[in-house]
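Residue numbers for the sequence shown follow my numbering, beginning at 80 and rising by one. Using N, Cα and C, we set each Cβ at its ideal position, and we do this for glycine too. This report refers to the structure that appears directly beneath it.
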Amino acid sequence: MNVYDSHRMADTLAPAGFAETARPEEADLVILNTCHIREKAAEKVYSEIGRIRVMKEAAAAEGRRVLIAVAGCVAQAEGEEIVRRAPSVDVVVGSQNYHRLPTLIARAAGGEQVVDTEFPVEDKFEVLASPERAAIRARGVTAFVTVQEGCDKFCTFCVVPYTRGAEVSRPVAQIVAEVERLAEAGVREITLIGQNVNAYHGQGEDGAPSSLGRLLRRLAGVPGILRLRYTTSHPRDMDDDLVRAHAELEALMPYVHLPVQSGSDSILAAMNRRHTRDEYLAVIAALRAGRADLAFTSDFIVGFPGETEEDFRATLALVDAVGYASAFSFMYSPRPGTPAAEMEQVPDEVKSERLQRLQAAITRHQRAFNAGFAGRDLDVLLEKPGKLPGQLVGKSPYLQAVQVMAPRSAIGQIARVTITEVGSNSLFGALAEPAIVPQLAIAGA
Ligand code: SF4
80 MNVYDSHRMA
90 DTLAPAGFAE
100 TARPEEADLV
110 ILNTCHIREK
120 AAEKVYSEIG
130 RIRVMKEAAA
140 AEGRRVLIAV
150 AGCVAQAEGE
160 EIVRRAPSVD
170 VVVGSQNYHR
180 LPTLIARAAG
190 GEQVVDTEFP
200 VEDKFEVLAS
210 PERAAIRARG
220 VTAFVTVQEG
230 CDKFCTFCVV
240 PYTRGAEVSR
250 PVAQIVAEVE
260 RLAEAGVREI
270 TLIGQNVNAY
280 HGQGEDGAPS
290 SLGRLLRRLA
300 GVPGILRLRY
310 TTSHPRDMDD
320 DLVRAHAELE
330 ALMPYVHLPV
340 QSGSDSILAA
350 MNRRHTRDEY
360 LAVIAALRAG
370 RADLAFTSDF
380 IVGFPGETEE
390 DFRATLALVD
400 AVGYASAFSF
410 MYSPRPGTPA
420 AEMEQVPDEV
430 KSERLQRLQA
440 AITRHQRAFN
450 AGFAGRDLDV
460 LLEKPGKLPG
470 QLVGKSPYLQ
480 AVQVMAPRSA
490 IGQIARVTIT
500 EVGSNSLFGA
510 LAEPAIVPQL
520 AIAGA
C-alpha cells in the first residue's frame, strides 16, 4: 500500500511541477513514506531523517532549499512529535491526507512548518480520480490500486486499525476510472489492495453495495486489462461470490494470499483472529473445489504470547496440510498500544528456534511447488528487462518470477514459456512454439 501511496503522491505533485528523481541528492523535496508495522518503526524514521538532514544542509550551503516531508503511518502516529524531535522536517502528513500535499508543500515553501494528521472529511481518492488534479501514470505493466483502506478486525498484535483507521471502501466507478487510466497508459495487470481487501463493500455503479467478487468481474471487462490479483485477504471475508469468481474469471490469477498467522485454535483466539483452524481449512477447500490449481501463500507469526510447543506444532501441521507456494514468517514482536504487547511474552531464543523450523517447512513446500513446473508451459506476463542482455523477466499466473530470452518489444504481453530450470527464487524458461497466448501476439518473436 505504501508503494501505491508513494506513486499517487508523486502523481498529485506532478501538476505543481514536481518530477521524480532517482538521485535524492538532486531533490528539492524528499518525502519519507513510512510504515508503522515494522519493529521500532519510529526510531528508524528518525535516523533516516538525520541522514536526509545532512543532504539538506549540504544543499543549503550551496544556496539551494530542500524540503523534507514525512508521510504515512509513522507520521499519523507521531504527529507534532516529529517536528519537535526533528526540526529539519518541514511537513508531516498522515496517510489520509496525502492528496493535500501540493497545498502543504506550498505552505512549507513559504517558511511554515506544517503538520496535517487529521482524518479529513473530503476523500483523497476524489483528487486522484480528477485528471486535472492528479497525473496518474503507469510505472510498468503492473500496478497496484487501493480499493479499501483501514480495518475493523482489531487483531491483538496489529496497529493497522489505529494508524489507518476504520474500514472504508472506494466506490466502484472511481476504481474503474483509475483502472481505465492505468490501462490506457499501458498497464496490463492490476493488483487490488487493501488492509482487508476482501471486506470490500464499495458503492456499485447501480448504487447498491458491491462485493470484491463483483468488482473483479467489472474490472475484468476493462479493455487492456489481462490479469487481476488482490491482496491482503482475511479468511472470514472470503465469501461465496469471491470463491465463484476464482472458478469463473479467467483474468483472476490462480493465486491467493490468505494470512492465517497460527495453526492453533487457542492462539488464533488470543490473536482475536475470529476464525478457527478448521474454518480456515474449509475456506481453502472451497477455493480449491472451484479451481484446483490455486496457489496459496500466507503470513505466520511465531512465538505469539502464550504459544506452547504444542501450539507451534499445530502451525507446522497446518503448513503441511495446505502445502503453501510460499509464505512470510516472523517472530512476534510487541507493538506499543496493542493488547498483545501487555501479554506474557515467549523468550526470544524459543521464538528464534521455532522460526527456523517453520521456515524450513515453508521452504520445503515452496521448492516442491516450484519443482512441479519443470518441463511445463506457463503463461508469463513479460514485465521488464532481466539481468542478462536479451533477457526479460515476467510473472507466472502463480506470481513466480520467470526469466526468458525474448525481444524487448514483448514487454507488456503474455508469452507462453516452457520452464527449463527451477531456481531457488525464480524459474527459467524458453519461449514455447508458438509463444502466442490468445489475447496478444508477440511482435517479432
Ligand atoms: S485483519 Fe489484518 S489489518 Fe486488520 S487488525 Fe488483523 S492483522 Fe491487522
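query, result
"Secondary structure at V459, three-state DSSP: helix, strand or coil?", "strand"
"Name the DSSP beta bridge partners of G528, please?", "The chain is shown only over 80 to 524; residue 528 falls outside these bounds and no answer can be derived."
"Taking the C-alpha atoms as reference points, what is the distance between I116 and E388?", "26 Å"
"Examine the ligand SF4 and report whether any of its heavy atoms sits within less than 7 Å of the Cβ of P240.", "yes"
"Please name the residue in P418, E159, S377, P476 whose C-alpha comes closest to that of V401.", "S377"
"Is R179 closer than 8 Å to D195 when the C-beta atoms are compared?", "yes"
"What residue range does the beta strand (DSSP E) around A222 cover?", "221-225"
"Excluding the 5 residues preceding and the 5 following C230 in the sequence, name in chain order all residues of the same chain whose CB lies nearer than 6 Å to its CB.", "V239, P240, E246, Q274, N275"
"What does the alpha-carbon distance come out to for the pair A326 and C234?", "30 Å"
"By how many angstroms is the C-alpha of A213 removed from the C-alpha of L92?", "7 Å"
"Output the boundary residues of the beta strand (DSSP E) element that contains Y309.", "306-310"
"Please look up how many angstroms separate the CB atoms of S405 and Q445, rounded, as I've assumed it's under 8 Å.", "5 Å"
"Mapping DSSP to helix, strand and coil, what is A522?", "Unreliable placement is indicated for A522, whose pLDDT of 38 sits below 50; the coordinate value is still reported in the next sentence. DSSP places A522 in coil when its eight states are reduced to three."
"Taking the continuous beta strand (DSSP E) assigned at D195, which residues delimit it?", "193-195"
"Evaluate G491 with the Cβ neighbour count: other Cβ atoms within 10 Å of its Cβ, from every protein chain shown; 16 or more gives buried, anything less gives exposed.", "buried"
"Please report the straight-line C-alpha distance between G416 and G129, rounded to a whole angstrom.", "26 Å"
"How many angstroms separate the CA atom of T310 from the CA atom of A447?", "24 Å"
"If you reduce the DSSP assignment to three classes, tell me which class L467 lands in.", "coil"
"Which same chain residues, not among the five before or five after V481, have their C-beta less than 8 Å away from its C-beta?", "L457, V459, V472, G473, K474, S475, V496, I498, S505, L506, F507, G508"
"Out of curiosity, what's the CA-to-CA distance linking V124 and A156?", "12 Å"
"I need the straight-line Cα distance from V429 to R392, nearest angstrom please.", "13 Å"
"Buried or exposed: where does I521 fall if 16 or more other Cβ atoms within 10 Å of its Cβ makes it buried?", "Reliability fails at I521, whose pLDDT of 40 lies under 50, so the model's placement of it is uncertain and no value is given."
"Within the present structure, is the beta-carbon of F409 separated from the nearest heavy atom of the ligand SF4 by less than 7 Å?", "no"
"Could you check where the alpha helix (DSSP H) with V362 kicks off and where it finishes?", "356-369"
"Assess contact between the stretch 340-358 and the stretch 367-387, defined as three or more Cβ pairs (one per stretch) separated by less than 8 Å. Is contact present?", "yes"
"Consider the C-beta atom of K232 and the heavy atoms of the ligand SAM; say whether any pair is separated by less than 7 Å.", "Inclusion of the ligand SAM in the displayed structure is not the case, the ligand content consisting of the ligand SF4 alone."
"At a cut-off of 7 Å, is N277 close to the ligand SF4 when judged by its beta-carbon and the heavy atoms of the ligand?", "no"
"Please classify M88: does DSSP put it in a helix, a strand, or coil?", "helix"
"Could you pull out every residue in the same chain whose Cβ sits closer than 7 Å to the Cβ of V501, ignoring the five residues on either side in sequence?", "N449, A450, F452, A453"
"Have a look at D372 and V301 and give me their C-alpha separation to the nearest angstrom.", "25 Å"
"Considering Y334, what are the terminal residues of the beta strand (DSSP E) in which it resides?", "334-336"
"Considering only DSSP beta bridges, list what Q340 is partnered with.", "F379"
"Roughly how many angstroms lie between the CA atoms of Q227 and R260, to the nearest whole one?", "19 Å"
"Note down, one range per segment and in chain order, each alpha helix (DSSP H) of at least 4 residues found wholly within the stretch 267-335.", "291-298, 319-327"
"Taking L328 and R296 to be in contact with their CB atoms under 8 Å, please state how far apart those CB atoms are, rounded to whole angstroms.", "6 Å"
"Check this for me: beta carbons of A150 and T113, under 8 Å apart or not?", "yes"
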